[in-house]
Amino acid sequence: MTRFLLRRILAMIPVCLGVTFLLFSLLYVTPGDPARLVLGEEATEESLQEFRREHYLDRPLLTRYGLFIYNTVVHQDMGRSYMTRRPVTGEIANTFPVTLNLASGSIVLATVMGLAFGIICAVKQYSIFDNITMVIAMLGISTPLFYLGILLILWFSVQLQWVPSSGFDSLSQRLLPWITLSATSMSIITRMTRSSMLEVIRSDYVRTARAKGQTERVVILKHALRNALIPIITIVGIQFGHLLGGAILTESVFSIPGMGRLAVDAIKARDYPIVQGAVLYIAMAYVVINLLVDLLYAWVDPKLRTQCR
Amino acid sequence: MDQQREHILDIRDLRVQYHTDTGLVKAVEGLNLSLARGETLGLVGETGAGKTTTALAIMQLIASPPGRIAGGSIFFEGEDMLAKSEEEKRHIRGGKIAMIFQDPMTSLNPVLSVQEQIAEMIRLHQKVTDKEALEKARDMLGLVGLRPERGPDYPHQFSGGMKQRVVIAIALACSPRLLIADEPTTALDVTIQAQILELMQQLKQHFNTATILISHDLGVVAQLCDSVAIMYAGRILEKADAKSLYANPQHPYTQGLFNSIPDMTKNVTRLNTIAGLPPDPTELPPGCCFAPRCAHASGACSEGSPRMVEYKPGHFVACSRMNGNGGGALGPAEERGQAHG
Amino acid sequence: MALLQKNSNMYLTLVRLRRNRLAILGLLIMGALILIAIFAPWLAPYDFATQDLISAFETPSWEHPLGTDDFGRDILSRIIYGARVSLQVGVLAVFIAMVSGGTLGAIAGYYGGRIDGVIMRVMDVLLSIPQILLAIAIAAALGPGLLNLTIAVGIAALPTFARVVRGAVLSIVGQEYIEAAHCMGASDAWIIIRHILPNCSAPIIVQSTLRVAQAILAAAALSFLGLGIQPPFPEWGGMLSGARGYVRDYAYMTIFPGLAIMITIMALNFLGDGLRDAMDPKMKR
């Protein structure tokens, strides 16, 4: 198991290098002069040159990339924001937990509700509950999350005035963003759980469990669900990735000071160090999630567990 | 009735139907069958004759929808299974009636260790601690010829024959009174088949369990069974003790089955077959369901189902040819009593 | 020739598709949307850009069925013109992703070995950033505009196609008729185009339909963040973004453009699901 973990963690390194290099290339070709944007129109040519030298903007792509990796790995230093002049690591430390909270709260909500709805739909196939849930799930998949967010603000903040429409400090502030961000994933997980459970429920080993005289509840939750979980875990992993992306939009709709908004603002302002740091963190989060998904697999599927040993 | 007490199982006029897209499938239609304590009965018939449906009906595991028990009764130890609550049925399933399914590859849960799957059965029907249940599960593994240390392993680490041993261990874990084995060897290699049959033979003597062995293989049935029932299109056509049936098959269908077994002592170029195909279960023919394929069929065969007649003591045949020299036209009650004699 | 051979298969698919009521509904909605997009200048009651500050913030009325926005522009007309943008971006982006991603996937699956390794590692890297973030970065690098938005969304969708096509090619490449084609001296490109691609068209078509929906969503999201189509050109996501400031007082301004996106996506999803079921009942997502 330790060897498996170690191998997987080592495999993360090329991915993170690849992602950052890709980003460096993109930023390299991006039009717009950061020096000009930061120092303003009145800046002298000398001060512009000075800024570029200070931030290695006059160096070739590979040099800049090498310096970034060296400083990040050796000094844990990702530079300073052009705009605020504060260290990137500090800016990210302020915003990353918010985004992580938003995304993990949403994935927990999406998974728990998606599993529950999916299981009930499968057990009561073609019932009224099943039909209504499937229609809502289709709506959930088709609604852009920024539209859903605005609608929720309109109903629950503006008209009913139950919860505030922005911020992310109190539980009441977090409720709408969590729901908004989880809606699509919840719908997808519900549909996946339903179809996966339907397949498993008809299997021979579920019949065996019934033939033992097992109660229906245990048959569904112990025998059927654990087998149905295997494809569902893949979907949950993919959805967590999507949620990290969706968090960017959610943060924009609800004015949440998270890393997604930080990244978007930085891209617009050509604040390269912030963009680099934020994307690196998101990529790492992504890779860690994939690792967790693989570990979950091993926990659920004994075929993989016996291989990993 | 006295006979009910000595019979562990007594099925009367059972009818099971499935609603499908193509129509109402009458999988079992007017089936009568009984089993004495400790008796091993071979239930023989072609694919689609309704053997598995009968087994599932006894277990009360007909999936509904699309299936439903449309009529009849199933007496197990003198009590009607159909009248029991779901709770009572659960105690009988596994505890008193156990079933071995056809395909060992798919009938074990892939994500649970085999000892857990055996122990689950024990915990459900006996008052034991988790530890005792696991211990007993490993004992069962030993009993079916597997190493008890392999208990924590998962189904994918076992071969097909070993998996079927595990399935047998699960079924026998609570010493059931009745064991239904649905084609237990069909999915296995021939050499493994012999081993599994031998194991079942041993265990049958060890537990003295009444057994219904479902098979389409007359050879397998001959090895294990005291009596044999021939099933066709949802009905029993002939039932007798194994010796009498093998020596003297009476129903034209049974005769056809025996004739289609290739005789190794003769050099034949063509195998004997029964002409025609089994009837469409959505549209059973009126009268005797075998009549359309029967060489002896006469006009009388398509009028009303032939009654079960005792051709000689303990040997029953449902064929209109027998109605003349047998018991004649019997009333339904008498006929039933005889058919289960 | 290739079409004729596929016809029987196509025909069966269409027969099965016709039985799926939701898929037909999706098809009808998409047909209507395409017509609306084509005939936008004749259908729209007003010009999409004409400002009329006197009649700004008008709630829906006979004159302006869906009301007017903060500049007094007719929202119905803007939504009608918006269909052009969304469909164009969606279809073109998927086309870009399909051709480039499909080619890469086909090459990777066909040649295998080191080429496969390199291509798929690059795709893994692309897939390890959320696609919307990738699209944001590309859109920022390229600058605003319809074409750049399309390219950004297309590149973000590229790795998925590479994976789908590679998988499909791998499942076909070992089969005997491919060997036979080799023996007859056919070139690699010919074999890929003539023999392999037609035989893995089912997953590609299904993936494309569902991907158009994703692309339209992504484009709307980029415009919503202010990185896509620039005003005054109407884009549904951009309209939402412009209207959200007035959500407290003029809710209709946000409701209708969002509804337009939702209906389009739902129609495409119905169609995609239906196509998937019709082409291969066993195929799963």
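Protein chains in written order, with our numbering: chain A, 640 to 948; chain B, 4 to 344; chain C, 111 to 395. Just so you know, even glycine gets a beta-carbon here, dropped at the ideal spot from N, CA and C. Note that this is a predicted model, so its numbers are computed, not measured.
Excluding the 5 residues flanking Leu-307 (chain C) on each side, which residues of the same chain have their C-beta closer than 6 Å to its C-beta? Your numbering for residue 307 (chain C) matches position 197 in the third sequence. Taken in chain order, the list of residues that qualify is empty.
Determine whether the Cβ of Asn-112 (chain B) lies closer than 9 Å to any Cβ atom of chain A. Position 109 of the second sequence, counting from 1, holds the residue named residue 112 (chain B). Yes, because at least one Cβ of chain A sits closer than 9 Å to the Cβ of Asn-112 (chain B).
Could you give the residue range of the beta strand (DSSP E) that holds Ile-306 (chain C)? Working through the third sequence from its first residue, we reach residue 306 (chain C) at position 196. Premise fails: Ile-306 (chain C) is in no beta strand (DSSP E) and is neither H nor E.
Only counting the same chain, and skipping five residues up and downstream in sequence, which positions put a Cβ closer than 7 Å to that of Arg-141 (chain B)? Counted from its first residue, the second sequence places residue 141 (chain B) at position 138. The answer, listed in chain order, is Gln-118, Pro-151, Gly-154.
Could you work out which residues of chain D lie near Pro-670 (chain A), taking near to mean beta carbons separated by less than 7 Å? Going by chain labels, chain D is absent from the structure shown, which instead holds the protein chains A, B and C.
With C-beta atoms as the reference, is Ser-305 (chain B) less than 9 Å away from Pro-281 (chain B)? Sequence index remark: in the second sequence, residue 305 (chain B) carries index 302 (1-based). Sequence index remark: in the second sequence, residue 281 (chain B) carries index 278 (1-based). Contact: no.
Applying the 10 Å Cβ sphere with the 16-neighbour rule, what's the burial state of Leu-17 (chain B)? Here residue 17 (chain B) corresponds to residue number 14 of the second sequence, with the count starting at 1. Classification for Leu-17 (chain B): buried.
Any beta-carbon of chain A closer than 9 Å to the one on Thr-364 (chain C)? Here residue 364 (chain C) refers to the residue found at position 254 of the third sequence. Closer than 9 Å to some Cβ of chain A, the Cβ of Thr-364 (chain C) qualifies, so yes.
Could you work out which residues of chain B lie near Ser-842 (chain A), taking near to mean beta carbons separated by less than 7 Å? In the first sequence, the residue the question calls residue 842 (chain A) occupies position 203. Within chain B, the residues near Ser-842 (chain A) are Thr-109.
Restricting to Cα atoms, I'd like to know which of B:Ala-298, B:Gly-70, B:Leu-202, B:Leu-64 is closest to Asp-24 (chain B). As a first step, residue 24 (chain B) must be located in the second sequence, where it is residue number 21. The closest CA to that of Asp-24 (chain B), considering only B:Ala-298, B:Gly-70, B:Leu-202, B:Leu-64, is found on B:Gly-70.
Could you list which residues in chain B have their beta carbon closer than 7 Å to that of Asp-940 (chain A), in chain order? Locating residue 940 (chain A) in the first sequence gives position 301, counting from the first residue. The answer, in chain order, is Val-114.
Can a CB atom of chain A be found closer than 9 Å to the CB of Ala-278 (chain B)? Counting from 1 along the second sequence, the entry for residue 278 (chain B) is found at position 275. Output row for Ala-278 (chain B): interface = no.
So which residues on chain A does Ser-187 (chain C) lean against when the C-beta distance must stay under 9 Å? On the third sequence, position 77 is the one that residue 187 (chain C) refers to. What Ser-187 (chain C) touches in chain A: nothing, since even the nearest Cβ is about 20 Å away.
Buried or exposed (CB count within 10 angstroms, at least 16 for buried), Gln-764 (chain A): As a first step, residue 764 (chain A) is located in the first sequence; it is residue number 125 there, counting from the start. The residue is exposed, with fewer than 16 neighbouring Cβ atoms inside 10 Å.
With Thr-276 (chain B) and Val-28 (chain B) assumed to form a contact (beta carbons below 8 Å), what rounded beta-carbon distance in angstroms separates them? By 1-based counting over the second sequence, the position of residue 276 (chain B) is 273. By 1-based counting over the second sequence, the position of residue 28 (chain B) is 25. Not quite, the Cβ-Cβ distance comes to about 25 Å (not below 8 Å), so this is no contact.
Strictly below 8 Å CB to CB, what residues from chain C border Lys-907 (chain A)? By one-based count along the first sequence, residue 907 (chain A) stands at place 268. Per Cβ cutoff of 8 Å: Ala-250, Gly-336, Leu-337.
Taking 9 Å as the cut-off, decide whether the C-beta atoms of Asp-910 (chain A) and Ser-720 (chain A) are in contact. Within the first sequence, numbered from 1, the residue matching residue 910 (chain A) stands at position 271. Within the first sequence, numbered from 1, the residue matching residue 720 (chain A) stands at position 81. Yes, the Cβ-Cβ distance between Asp-910 (chain A) and Ser-720 (chain A) is below 9 Å.
Evaluate Glu-89 (chain B) with the Cβ neighbour count: other Cβ atoms within 10 Å of its Cβ, from every protein chain shown; 16 or more gives buried, anything less gives exposed. Taking the first residue of the second sequence as position 1, residue 89 (chain B) is located at position 86. With fewer than 16 other Cβ atoms within 10 Å, it is exposed.
Residues bridged to Asp-244 (chain B) by DSSP? The sequence position of residue 244 (chain B) within the second sequence is 241, counting from 1. DSSP, once it has assigned bridges, lists B:Ser-230 as partnering Asp-244 (chain B).
May I ask you to list the residues that DSSP assigns as paired with Glu-42 (chain B)? The residue given as residue 42 (chain B) occupies position 39 in the second sequence. BP columns for Glu-42 (chain B) are empty, so no partner.
Once the 5 residues before and after Ser-218 (chain B) are set aside, which same chain residues still bring their CB inside 7 Å of it? One-based indexing of the second sequence puts residue 218 (chain B) at position 215. Result list for Ser-218 (chain B): Gly-45, Val-47, Glu-186, Val-224, in chain order.
Which listed residue (A:Leu-666, A:Asp-672, A:Trp-794, A:Asn-733) has its alpha carbon closest to that of Ala-361 (chain C): Along the third sequence, one-based indexing puts residue 361 (chain C) at 251. For the residues A:Leu-666, A:Asp-672, A:Trp-794, A:Asn-733, the minimum Cα distance to Ala-361 (chain C) belongs to A:Trp-794.
As a quick exercise: from B:Tyr-21, B:Gly-98, B:Asp-266, pick the residue whose alpha carbon is nearest that of Ala-183 (chain B). Position 180 of the second sequence holds residue 183 (chain B). The sequence given here has Ile at residue 183 (chain B), not Ala. It is B:Gly-98 whose Cα lies nearest to the Cα of Ile-183 (chain B).
Of all the CB atoms in chain C, is at least one closer than 9 Å to the CB of Ser-891 (chain A)? Taking the first residue of the first sequence as position 1, residue 891 (chain A) is located at position 252. Yes, Ser-891 (chain A) counts as interfacial toward chain C.
Please report how far the alpha carbon of Phe-366 (chain C) lies from the alpha carbon of Ile-189 (chain C), in whole angstroms. Here residue 366 (chain C) refers to the residue found at position 256 when the third sequence is read from its first residue. Here residue 189 (chain C) refers to the residue found at position 79 when the third sequence is read from its first residue. About 8 Å.
I need the straight-line Cα distance from Thr-374 (chain C) to Arg-691 (chain A), nearest angstrom please. As a first step, residue 374 (chain C) must be located in the third sequence, where it is residue number 264. As a first step, residue 691 (chain A) must be located in the first sequence, where it is residue number 52. Cα-Cα distance, rounded: 47 Å.
For chain A, is any of its Cβ atoms less than 9 Å away from the one on Tyr-21 (chain B)? As a first step, residue 21 (chain B) is located in the second sequence; it is residue number 18 there, counting from the start. Judged by the 9 Å Cβ criterion, Tyr-21 (chain B) is not in contact with chain A.
Would you say Leu-930 (chain A) reaches chain C, if we count a Cβ-Cβ gap shorter than 9 Å as a contact? Against the first sequence, residue 930 (chain A) aligns to sequence position 291. It does not: the Cβ of Leu-930 (chain A) has no partner Cβ on chain C nearer than 9 Å.
Got a sec, what are the start and stop residues for the beta strand (DSSP E) Gly-277 (chain C) sits in? Locating residue 277 (chain C) in the third sequence gives position 167, where the first residue counts as 1. In the DSSP annotation of this structure, Gly-277 (chain C) is not part of any beta strand (DSSP E); the continuous alpha helix (DSSP H) holding it starts and ends at 256-283.
Neighbourhood of Cys-655 (chain A) by C-beta distance below 8 Å, restricted to the same chain and skipping five residues each side: Your numbering for residue 655 (chain A) matches position 16 in the first sequence. These residues qualify, in order along the chain: Leu-919, Ala-922, Met-923, Val-926.
Under 7 Å between beta-carbons, which chain A residues line up against Met-62 (chain B)? List them in chain order, please. To locate residue 62 (chain B), count along the second sequence from 1; it is residue 59. Neighbours of Met-62 (chain B) on chain A, chain order: Ala-850.
Whole-Å CB distance - Gln-167 (chain B) paired with Leu-200 (chain B), under 8 Å assumed: As a working mapping, residue 167 (chain B) is identified with position 164 in the second sequence. As a working mapping, residue 200 (chain B) is identified with position 197 in the second sequence. That pair is no contact at about 11 Å.
Buried or exposed by the 16-neighbour rule on C-beta atoms within 10 Å, applied to Lys-242 (chain B): Residue numbering aside, residue 242 (chain B) sits at position 239 when the second sequence is read from its first letter. Counting Cβ neighbours within 10 Å, Lys-242 (chain B) comes out buried, since at least 16 surround it.
Opening and closing residue of the beta strand (DSSP E) in which Lys-315 (chain B) lies: Start at 1 with the first residue of the second sequence, and residue 315 (chain B) comes out as number 312. Per DSSP, Lys-315 (chain B) belongs to the beta strand (DSSP E) from 311-315.
Using a Cβ cut-off of 9 Å (strictly closer), state whether Ala-323 (chain C) contacts chain A. Position 213 of the third sequence, counted from the start, is the residue given in the question as residue 323 (chain C). By this cut-off, Ala-323 (chain C) is an interface position.
Residues bridged to Glu-684 (chain A) by DSSP? The residue given as residue 684 (chain A) occupies position 45 in the first sequence. None, per the DSSP bridge assignment.
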